[in-house]
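Sequences listed follow chains A and B, in order.
According to full-length UniProt numbering, the first sequence is numbered sequentially starting from 1.
According to full-length UniProt numbering, the second sequence is numbered sequentially starting from 1.
We treat Cβ as the ideally placed atom computed from N, Cα and C, and that holds for glycine.
Data first, discussion second: the structure below is written as structure tokens.
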Amino acid sequence: MEKTWNNKAWFLVLPVLLLVAFSAVIPLMTVVNYSVQDTFGNNQFFWAGTDWFVEILTSPRFWDALWRNLIFSGVILAIEVPLGILIALNMPKHGIGVPVCLVLMALPLLIPWNVVGTIWQVFGRVDIGLLGYFLNSLGISYNYTQNPAHAWATVIVMDVWHWTSLVVLLCYAGLVSIPDAYYQAARIDGASRWSVFRYIQLPKMKRVLLIAVLLRFMDSFMIYTEPFVVTGGGPGNSTTFLSIDLVKMAIGQFDLGPAAAMSIIYFLIILLLSWVFYTVMTQSDAEQK
Amino acid sequence: MARITLEHIRHAYSEKAKAAGDYALKEVHHEWEDGGAYALLGPSGCGKTTLLNIISGLLTPSDGRILFDGKDVTQLSTEERNIAQVFQFPVVYDTMTVFDNLAFPLRNRKVPEAEVEKRVNEILEMTDLAGMAKRRAQRLTADQKQKISLGRGLVRANVNAILFDEPLTVIDPHMKWVLRSQLKRLHRQSRFTMVYVTHDQTEALTFADKVVVMHDGQIVQIGTPAELFERPSHTFVGYFIGSPGMNIMSVAIDGATARIGDQSIALSAAPVLKGQGRIELGIRPEFIKLGREGMPITINKVEDIGRQKIVRASFCGQPISIVVPEDDDIPADAKVTFEKQAIGIFADSWRAMNETGRQEG
Ligand SMILES: Nc1ncnc2c1ncn2[C@@H]1O[C@H](COP(=O)(O)OP(=O)(O)OP(=O)(O)O)[C@@H](O)[C@H]1O
Ligand SMILES: [Mg+2]
Numbered sequence: 001m002e003k004t005w006n007n008k009a010w011f012l013v014l015p016v017l018l019l020v021a022f023s024a025v026i027p028l029m030t031v032v033n034y035s036v037q038d039t040f041g042n043n044q045f046f047w048a049g050t051d052w053f054v055e056i057l058t059s060p061r062f063w064d065a066l067w068r069n070l071i072f073s074g075v076i077l078a079i080e081v082p083l084g085i086l087i088a089l090n091m092p093k094h095g096i097g098v099p100v101c102l103v104l105m106a107l108p109l110l111i112p113w114n115v116v117g118t119i120w121q122v123f124g125r126v127d128i129g130l131l132g133y134f135l136n137s138l139g140i141s142y143n144y145t146q147n148p149a150h151a152w153a154t155v156i157v158m159d160v161w162h163w164t165s166l167v168v169l170l171c172y173a174g175l176v177s178i179p180d181a182y183y184q185a186a187r188i189d190g191a192s193r194w195s196v197f198r199y200i201q202l203p204k205m206k207r208v209l210l211i212a213v214l215l216r217f218m219d220s221f222m223i224y225t226e227p228f229v230v231t232g233g234g235p236g237n238s239t240t241f242l243s244i245d246l247v248k249m250a251i252g253q254f255d256l257g258p259a260a261a262m263s264i265i266y267f268l269i270i271l272l273l274s275w276v277f278y279t280v281m282t283q284s285d286a287e288q289k
Numbered sequence: 001m002a003r004i005t006l007e008h009i010r011h012a013y014s015e016k017a018k019a020a021g022d023y024a025l026k027e028v029h030h031e032w033e034d035g036g037a038y039a040l041l042g043p044s045g046c047g048k049t050t051l052l053n054i055i056s057g058l059l060t061p062s063d064g065r066i067l068f069d070g071k072d073v074t075q076l077s078t079e080e081r082n083i084a085q086v087f088q089f090p091v092v093y094d095t096m097t098v099f100d101n102l103a104f105p106l107r108n109r110k111v112p113e114a115e116v117e118k119r120v121n122e123i124l125e126m127t128d129l130a131g132m133a134k135r136r137a138q139r140l141t142a143d144q145k146q147k148i149s150l151g152r153g154l155v156r157a158n159v160n161a162i163l164f165d166e167p168l169t170v171i172d173p174h175m176k177w178v179l180r181s182q183l184k185r186l187h188r189q190s191r192f193t194m195v196y197v198t199h200d201q202t203e204a205l206t207f208a209d210k211v212v213v214m215h216d217g218q219i220v221q222i223g224t225p226a227e228l229f230e231r232p233s234h235t236f237v238g239y240f241i242g243s244p245g246m247n248i249m250s251v252a253i254d255g256a257t258a259r260i261g262d263q264s265i266a267l268s269a270a271p272v273l274k275g276q277g278r279i280e281l282g283i284r285p286e287f288i289k290l291g292r293e294g295m296p297i298t299i300n301k302v303e304d305i306g307r308q309k310i311v312r313a314s315f316c317g318q319p320i321s322i323v324v325p326e327d328d329d330i331p332a333d334a335k336v337t338f339e340k341q342a343i344g345i346f347a348d349s350w351r352a353m354n355e356t357g358r359q360e361g
């Protein structure tokens with residue numbers, strides 16, 4: 001289609017621009033403002049330069065949280081993406097099973113995040129939780145409030161339970177767009193199940209997979225509510241991810257300067273990693289043309 | 001290479017089918033001879049694709065059996081039946097090169113790489129794709145993709161049959177002609193049984209030794225192009241084959257005479273009619289003589305189509321087409337005579353009897 005250039009079009013995006021400016025850009029600027037100043041209260045601010053950035057970047061507390069977060073994102077991507085693809089491949093394509101599966105899949109996505117946290121917090125409790133009680137009666141001394149490994153396992157399983165559906169739904173959308181003729185041709189050509197996946201289904205899912213990976217990465221890297229509700233970042237600091245740490249610093253200790261500096265670093269990391277994911281995945285797509 | 005027998009095949013897409021109307025294939029009982037080149041001709045939705053998919057094993061028929069060289073293969077998979085099929089819409093594996101696309105059916109069957117190379121290069125040559133063997137298939141045009149689809153059907157040696165489902169629809173007319181003659185040549189060399197689906201009658205008539213005409217889930221006639229033209233066994237064949245199609249008009253039969261309005265037409269023999277039914281007379285526009293003798297008609301329109309003229313007229317209140325040579329002049333009070341040998345009588349759409357009195361159906 002022919003593209004037309006018309007400067008009046010800017011007026012049409014103006015409302016959105018204003019909205020974004022108020023809700024995102026201005027707060028971000030405020031954060032930048034805080035990050036380079038120090039205060040001892042009374043609304044008196046002093047220029048601090050890059051001090052807070054240096055402090056954050058040299059603090060082990062920040063690096064620990066960052067590593068925890070990277071590992072967490074890595075683990076849940078490694079579980080949710082293959083699992084999501086697997087489930088999507090096995091979902092029915094015709095008949096009454098389709099709406100049933102879709103609704104079942106969409107259910108976890110419809111539950112508010114803090115409720116998800118509460119569900120798992122109760123579910124995992126040793127005294128009244130079904131899961132906790134069951135595991136302990138099997139002889140596993142499961143206790144997510146004391147054992148860091150158990151806390152991690154709980155948070156990861158919860159995230160997988162909550163978000164794999166998103167990957168499933170996106171992949172499923174890619175799969176149903178494949179015309180039957182492709183599968184028929186593959187049968188005539190004597191293709192194996194693996195070849196069908198590799199040469200027909202995967203290429204068709206590629207675009208939606210990119211979106212799924214990006215969304216899951218960004219979301220898991222910013223995860224806050226669920227682990228906060230379940231473990232509160234503990235035991236110790238074992239499940240204190242970046243966002244939890246940030247809130248502790250900003251609200252708990254009221255260290256506005258360092259918290260603002262950390263926010264900016266955090267934001268840049270997400271931006272950078274998303275860009276890396278995006279380029280890597282679209283690059284491999286371009287190579288194949 | 002195999003003789004393919006279809007025994008009382010019926011197929012319905014829904015499991016609850018009861019009435020005849022629920023069946024996409026009503027009943028097909030037919031044998032495809034080993035090494036034959038068949039064209040399957042019929043209008044959209046008459047069940048051509050369904051029939052092909054049943055032969056190749058993509059569909060299992062609701063009723064009936066399929067035999068290859070006398071061996072029952074009804075329950076065998078597509079893979080085990082060893083059939084190549086080219087689909088109506090191009091299917092290419094986007095992420096592979098053109099070469100790999102063509103090699104795919106061979107590599108899946110563990111054909112040695114040297115042999116793969118040889119076969120694929122032949123096909124690349126034949127489909128005029130040699131220049132783009134190393135290109136990704138994704139960015140190709142629709143007709144190049146269809147050529148790849150076609151090529152994947154032709155690349156395998158020793159298949160039992162090759163089924164083509166309107167393979168040339170998206171290809172431009174000149175290339176269409178080239179590919180069709182290539183297919184014909186390939187058939188002569190390889191002697192594979194070939195079934196070629198189309199709804200273009202010239203395509204059917206040039207490709208095939210035998211044309212199978214389908215209508216509404218049934219095979220209505222199988223014959224050489226000449227047989228279809230001269231003695232259609234169903235009014236649908238008369239109307240579908242030929243341009244313009246056969247003139248069909250309702251008549252009353254009285255011994256060896258057909259009556260239309262106040263006109264009487266003498267027949268070569270008295271047709272044998274079972275029961276009442278709807279009786280029609282069919283005559284091709286080519287076998288009606290226009291002159292000053294015979295039965296009166298009213299001319300509505302004359303179309304000049306080059307070497308011939310088509311006269312559209314009405315005869316006893318029923319529309320009729322007549323083909324006359326280009327330089328014949330058309331008298332003002334035109335009259336027509338029907339060539340006696342070319343008249344067919346149809347009872348409930350099926351041919352009642354031919355000129356020599358032999359019952360057909
Ligand atoms: N997968 C399907 N499910 C249900 N009905 C189908 C299916 N495929 C075909 N049909 C129906 O079966 C009938 C025959 O279809 P078929 O595709 O065999 O026709 P065709 O002769 O190949 O037509 P075309 O020339 O349009 O390709 C049609 O009425 C069609 O609507
Ligand atoms: Mg079809």
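| Per DSSP, what kind of secondary structure is residue 38 (chain B) in: helix, strand or coil? | Looking at residue 38 (chain B) - three-state DSSP - the assignment turns out to be strand.
| query | Sorted by chain position, which residues of the same chain lie with C-beta nearer than 7 Å to residue 133 (chain A)'s C-beta, five sequence neighbours on each side aside? | reply | 126, listed in sequence order.
| task | Identify the continuous beta strand (DSSP E) that holds residue 199 (chain B) and give its terminal residues. | result | Where residue 199 (chain B) is concerned, there is no enclosing beta strand (DSSP E), given that its DSSP letter is neither H nor E.
| message | What would DSSP say about residue 371 (chain B), mapped onto helix, strand or coil? | response | The shown model of chain B, from 1 to 361, leaves out residue 371 (chain B), and the question about it has no answer.
| query | With burial defined as no fewer than 16 other Cβ atoms inside 10 Å of the residue's Cβ, what is the status of residue 57 (chain B): buried or exposed? | reply | Flag for residue 57 (chain B) reads buried.
| query | In whole angstroms, what is the alpha-carbon distance linking residue 185 (chain A) and residue 234 (chain B)? | reply | Straight-line Cα distance between these residues: approximately 35 Å.
| message | Distance cutoff 8 Å, beta carbons only. Does residue 165 (chain A) sit that close to anything in chain B? | response | Output row for residue 165 (chain A): interface = no.
| task | Return the chain-ordered list of same chain residues with a C-beta closer than 8 Å to the C-beta of residue 277 (chain B), the five sequence neighbours on each side being excluded. | result | 347 and 348.
| query | If you follow the alpha helix (DSSP H) that residue 47 (chain A) is part of, which residue opens it and which one closes it? | reply | In this chain, residue 47 (chain A) is not harboured by any alpha helix (DSSP H); it is covered by the beta strand (DSSP E) spanning 45 to 47.
| Among A:269, A:70 and A:88, which residue has its Cα nearest to the Cα of residue 290 (chain A)? | Coverage of chain A is limited to positions 1 through 289, which leaves residue 290 (chain A) absent and any answer about it impossible.
| message | On the criterion of 16 or more Cβ atoms from any shown chain inside 10 Å, does residue 290 (chain B) qualify as buried, or is it exposed? | response | Buried, because 16 or more other Cβ atoms sit within 10 Å of the Cβ of residue 290 (chain B).
| With a Cβ-Cβ cutoff of 8 Å, do residue 395 (chain B) and residue 166 (chain B) count as a contact? | Limits of chain B in this structure are 1 at one end and 361 at the other, which puts residue 395 (chain B) out of reach.
| said: What ranges does the beta strand (DSSP E) occupy inside the segment 253 to 341 of chain B, keeping only unbroken runs of at least 3 residues that lie completely in it? | reply: Within the segment 253 to 341 of chain B, the complete beta strand (DSSP E) runs of at least 3 residues are 257 to 260, 263 to 266, 279 to 283, 288 to 291, 298 to 304, 308 to 315, 318 to 325 and 335 to 338.
| Contacts around residue 65 (chain A), its chain only, beta-carbon distance under 7 Å, and the 5 residues preceding and following it disregarded | The answer, listed in chain order, is 240, 241, 242 and 245.
| query | Which same chain residues, not among the five before or five after residue 91 (chain A), have their C-beta less than 7 Å away from its C-beta? | reply | So the list reads 101 and 172, once near-sequence residues are dropped.
| task | Considering only heavy atoms of ligand 2, list every residue whose Cβ is less than 6 Å from one of them, following chain order. | result | Taking each Cβ in turn, the ones that pass are B:48, B:49, B:88 and B:165.
| task | Within the same chain, show all residues whose beta-carbon is closer than 8 Å to that of residue 116 (chain B), passing over the 5 residues directly before and after it, in chain order. | result | Counting only Cβ-Cβ distances below 8 Å, and skipping sequence neighbours, we find 103, 106 and 107.
| said: How far does the alpha helix (DSSP H) with residue 152 (chain B) in it extend, from its first residue to its last? | reply: Note, residue 152 (chain B): alpha helix (DSSP H), 142 to 154.
| query | Taking 7 Å as the cut-off, does the CB of residue 199 (chain B) come closer than this to any heavy atom belonging to ligand 4? | reply | What this structure holds is ligand 1 and ligand 2, not ligand 4.
| query | Grouping DSSP H, G and I as helix and E and B as strand, with all else coil, what is residue 214 (chain B)? | reply | Residue 214 (chain B): strand per DSSP, three-state reduction.
| query | Which value, in whole angstroms, describes the spacing of the CA atoms of residue 113 (chain A) and residue 70 (chain A)? | reply | So the alpha carbons of these two residues sit roughly 21 Å apart.
| To the nearest whole angstrom, what separates the beta carbons of residue 336 (chain B) and residue 282 (chain B), a pair I think is in contact under 8 Å? | Approximately 15 Å separates the beta-carbon atoms of residue 336 (chain B) and residue 282 (chain B); this is outside 8 Å, ruling out the contact.
| Which residues, in chain order, does the segment 88 to 112 of chain B contribute to contact with chain A at a C-beta distance below 8 Å? | Listed in sequence order: 88, 89, 91, 93, 94, 95, 96, 104, 105, 108 and 109.
| If you measure from the CB of residue 101 (chain A), is any heavy atom of ligand 1 nearer than 7 Å? | For residue 101 (chain A), the CB stays at least 7 Å from every heavy atom of ligand 1.
| request: For residue 45 (chain B), verify whether its CB is less than 7 Å away from any heavy atom of ligand 1. | output: Yes, ligand 1 has a heavy atom inside 7 Å of this Cβ.
| query | When the Cα of residue 155 (chain A) is compared with those of A:209, A:60, A:33 and A:232, which residue comes out closest? | reply | Nearest to residue 155 (chain A) by alpha-carbon distance, out of A:209, A:60, A:33 and A:232, is A:232.
| field | 6 Å Cβ shell around residue 356 (chain B) - same chain, five flanking residues per side excluded | value | Summary for residue 356 (chain B): the model assigns pLDDT 47, below 50, so the residue's position carries little reliability, and this model does not support an answer.
| Name the residues in the segment 49 to 72 of chain B whose C-beta lies less than 7 Å from a C-beta of chain A; which are they? | Residues of the segment 49 to 72 of chain B with a Cβ closer than 7 Å to any Cβ of chain A, in chain order: 56 and 58.
| said: Quick check: what's the CA-CA separation for residue 197 (chain A) versus residue 352 (chain B)? | reply: So the alpha carbons of these two residues sit roughly 55 Å apart.
| said: Taking 8 Å as the threshold (C-beta atoms), are residue 240 (chain B) and residue 440 (chain B) in contact? | reply: Residue 440 (chain B) is absent from the structure shown; chain B starts at 1 and stops at 361.
| message | Just to make sure I have the definition right: I need the residues of chain A whose C-beta is within less than 7 Å of the C-beta of residue 152 (chain B). Which are they? | response | Within chain A, the residues placing a beta-carbon under 7 Å from that of residue 152 (chain B) are 189, ordered along the chain.
| message | Would residue 85 (chain B) and residue 36 (chain B) qualify as a contact pair, given that the criterion is a beta-carbon distance under 8 Å? | response | Going by beta carbons, residue 85 (chain B) and residue 36 (chain B) fall outside the 8 Å limit.
| query | Does DSSP classify residue 7 (chain B) as helix, strand or coil? | reply | Residue 7 (chain B) sits in a strand when the DSSP states are folded into three classes.
| request: Give, in chain order, every residue of the segment 175 to 201 of chain A whose Cβ lies closer than 8 Å to some Cβ of chain B. | output: Residues passing the 8 Å Cβ filter: 179, 181, 182, 184, 185, 187, 188, 189, 190, 191, 192, 195, 199 and 200.
| said: Please return the same chain residues whose Cβ sits closer than 6 Å to the Cβ of residue 250 (chain B), not counting the five positions on each side in sequence. | reply: Within the same chain, residue 250 (chain B) has close Cβ partners 280.
| task | Give a yes or no on whether the minimum CB-CB distance between residue 356 (chain B) and chain A is below 8 Å. | result | Here the model assigns residue 356 (chain B) a pLDDT of 47, short of 50, so the residue's position is not dependable and the matter cannot be decided.
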